[in-house]
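S.K.: Residue numbers are given in the numbering used here: position 120 of the sequence shown equals residue 122, and the series is strictly consecutive. Glycine included, every Cβ here is placed at the ideal spot set by N, Cα and C. To start, I am sharing the structure in question, which I have written as C-alpha coordinates.
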Amino acid sequence: MSGLVIDASVAIKWVIEESGSAAAIQLVGSAPLMAPDLIGAELTNVLWRHVAANRLGESAAQAAWQGCRAMLDRVYAHDELSGPALRMACALGHPAYDCFYLALAEQLDCPMVTADRRFHDRVADSEWRHRVTAL
(Lines of atoms letter the chains of each structure in order from A and count residues from 1; the text may use other names and numbers.)
(Lines give C-alpha, C1' and ligand atoms only; values in the text may rest on other atoms or scores of the structure.)
Protein backbone atom coordinates (compact mmCIF):
# COMPACT_ATOMS: atom_id res chain seq x y z
CA MET A 1 0.00 0.00 0.00
CA SER A 2 1.39 3.39 -0.84
CA GLY A 3 0.88 6.22 1.58
CA LEU A 4 2.60 7.85 4.53
CA VAL A 5 2.98 6.73 8.10
CA ILE A 6 2.48 9.77 10.32
CA ASP A 7 3.59 9.95 13.93
CA ALA A 8 2.01 11.93 16.75
CA SER A 9 4.54 14.76 16.38
CA VAL A 10 3.07 15.45 12.94
CA ALA A 11 -0.59 14.74 13.72
CA ILE A 12 -0.71 17.14 16.68
CA LYS A 13 0.29 19.96 14.32
CA TRP A 14 -3.00 19.49 12.46
CA VAL A 15 -4.92 20.76 15.47
CA ILE A 16 -2.45 22.75 17.59
CA GLU A 17 -0.88 25.75 15.87
CA GLU A 18 2.89 25.44 16.22
CA SER A 19 6.01 25.42 14.10
CA GLY A 20 5.50 23.04 11.20
CA SER A 21 1.69 23.12 11.28
CA ALA A 22 1.39 24.37 7.70
CA ALA A 23 3.67 21.60 6.41
CA ALA A 24 1.75 18.99 8.41
CA ILE A 25 -1.59 20.19 7.04
CA GLN A 26 -0.24 19.97 3.48
CA LEU A 27 0.21 16.22 3.96
CA VAL A 28 -3.55 15.76 4.42
CA GLY A 29 -4.98 14.58 1.12
CA SER A 30 -1.56 14.15 -0.48
CA ALA A 31 -1.52 10.38 0.17
CA PRO A 32 -3.26 7.92 2.49
CA LEU A 33 -2.15 8.74 6.06
CA MET A 34 -1.62 5.81 8.41
CA ALA A 35 -0.40 5.16 11.93
CA PRO A 36 -0.28 2.43 14.56
CA ASP A 37 -3.08 2.65 17.12
CA LEU A 38 -0.49 3.84 19.62
CA ILE A 39 -1.02 7.29 18.10
CA GLY A 40 -4.28 7.61 20.04
CA ALA A 41 -2.51 7.30 23.39
CA GLU A 42 0.26 9.68 22.37
CA LEU A 43 -2.13 12.34 21.06
CA THR A 44 -4.32 12.01 24.14
CA ASN A 45 -1.31 12.64 26.37
CA VAL A 46 -0.15 15.67 24.39
CA LEU A 47 -3.65 17.14 24.46
CA TRP A 48 -3.93 16.46 28.19
CA ARG A 49 -0.67 18.39 28.73
CA HIS A 50 -2.20 21.35 26.88
CA VAL A 51 -5.29 21.15 29.11
CA ALA A 52 -3.16 20.83 32.27
CA ALA A 53 -1.18 23.92 31.24
CA ASN A 54 -4.42 25.86 30.62
CA ARG A 55 -3.60 26.26 26.94
CA LEU A 56 -6.69 24.31 25.89
CA GLY A 57 -10.03 23.45 27.43
CA GLU A 58 -11.15 19.85 27.81
CA SER A 59 -13.89 20.11 25.18
CA ALA A 60 -11.44 21.71 22.73
CA ALA A 61 -8.98 18.90 23.45
CA GLN A 62 -11.70 16.30 22.76
CA ALA A 63 -12.52 18.03 19.47
CA ALA A 64 -8.82 18.22 18.57
CA TRP A 65 -8.44 14.48 19.20
CA GLN A 66 -11.43 13.74 16.98
CA GLY A 67 -9.99 16.02 14.31
CA CYS A 68 -6.67 14.21 14.33
CA ARG A 69 -8.33 10.82 14.15
CA ALA A 70 -10.53 11.91 11.25
CA MET A 71 -7.49 12.87 9.17
CA LEU A 72 -5.95 9.41 9.42
CA ASP A 73 -7.06 7.10 6.66
CA ARG A 74 -6.11 3.92 8.49
CA VAL A 75 -4.97 2.97 11.98
CA TYR A 76 -3.23 -0.38 12.48
CA ALA A 77 -3.15 -2.54 15.61
CA HIS A 78 0.26 -2.30 17.23
CA ASP A 79 0.45 -5.92 18.47
CA GLU A 80 2.09 -7.30 15.33
CA LEU A 81 4.56 -4.42 15.34
CA SER A 82 5.92 -5.12 18.83
CA GLY A 83 8.69 -7.50 17.76
CA PRO A 84 10.03 -5.32 14.94
CA ALA A 85 9.66 -2.16 17.09
CA LEU A 86 11.68 -3.75 19.89
CA ARG A 87 14.40 -4.82 17.45
CA MET A 88 14.56 -1.28 16.03
CA ALA A 89 14.58 0.31 19.50
CA CYS A 90 17.49 -1.91 20.56
CA ALA A 91 19.42 -1.22 17.36
CA LEU A 92 18.83 2.53 17.54
CA GLY A 93 19.14 2.94 21.30
CA HIS A 94 15.88 4.86 21.18
CA PRO A 95 12.53 4.49 23.01
CA ALA A 96 10.35 1.80 21.48
CA TYR A 97 7.16 3.84 21.13
CA ASP A 98 8.65 5.89 18.26
CA CYS A 99 9.84 2.69 16.62
CA PHE A 100 6.26 1.39 16.25
CA TYR A 101 5.73 4.03 13.55
CA LEU A 102 8.96 3.02 11.84
CA ALA A 103 8.02 -0.66 12.05
CA LEU A 104 4.67 0.11 10.40
CA ALA A 105 6.39 2.06 7.61
CA GLU A 106 8.73 -0.88 7.08
CA GLN A 107 5.81 -3.36 7.06
CA LEU A 108 3.85 -1.25 4.57
CA ASP A 109 6.96 -0.40 2.52
CA CYS A 110 6.22 3.31 2.63
CA PRO A 111 7.79 6.46 4.09
CA MET A 112 7.29 7.73 7.62
CA VAL A 113 7.05 11.46 8.36
CA THR A 114 8.07 12.83 11.75
CA ALA A 115 8.56 16.22 13.33
CA ASP A 116 10.62 14.59 16.09
CA ARG A 117 14.12 15.79 15.23
CA ARG A 118 15.76 13.55 17.84
CA PHE A 119 14.17 10.43 16.36
CA HIS A 120 14.92 11.53 12.80
CA ASP A 121 18.57 12.12 13.68
CA ARG A 122 18.81 8.76 15.44
CA VAL A 123 17.50 6.93 12.37
CA ALA A 124 19.68 8.95 9.95
CA ASP A 125 22.68 6.63 10.34
CA SER A 126 20.72 3.39 10.41
CA GLU A 127 19.51 0.82 7.92
CA TRP A 128 16.09 2.52 8.09
CA ARG A 129 17.29 6.01 7.04
CA HIS A 130 15.46 5.69 3.71
CA ARG A 131 12.14 5.28 5.57
CA VAL A 132 12.07 8.42 7.71
CA THR A 133 11.50 11.94 6.42
CA ALA A 134 11.56 15.05 8.57
CA LEU A 135 8.51 17.29 8.33
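Among Met36, Arg57, Asp39, Pro38, which has the Cα closest to the Cα of Ala19?
M.R.: Here residue 19 is Glu; the residue named in the question, Ala, does not match the sequence. If we check each option's Cα against that of Glu19, Arg57 comes out closest.
S.K.: Could you check which residue in Ala13, Asp39, Ile41 has the C-alpha nearest to that of Leu29?
M.R.: Ala13
S.K.: Rounding to the nearest angstrom, what Cα-Cα distance links Gly85 and Cys101 in this structure?
M.R.: 10 angstroms
S.K.: Opposite Ile8 in the DSSP bridges: which residues?
M.R.: Val115
S.K.: Check whether the Cβ atoms of Asp9 and Ala43 sit closer than 8 angstroms, and answer yes or no.
M.R.: no
S.K.: Can you find the residues in the same chain that come closer than 6 angstroms, C-beta to C-beta, to Lys2, ignoring five residues on each side of it along the sequence?
M.R.: The question about residue 2 has no answer, for the chain in this structure spans 3 to 137.
S.K.: So what does DSSP say about Leu74, is it helix, strand or coil?
M.R.: coil
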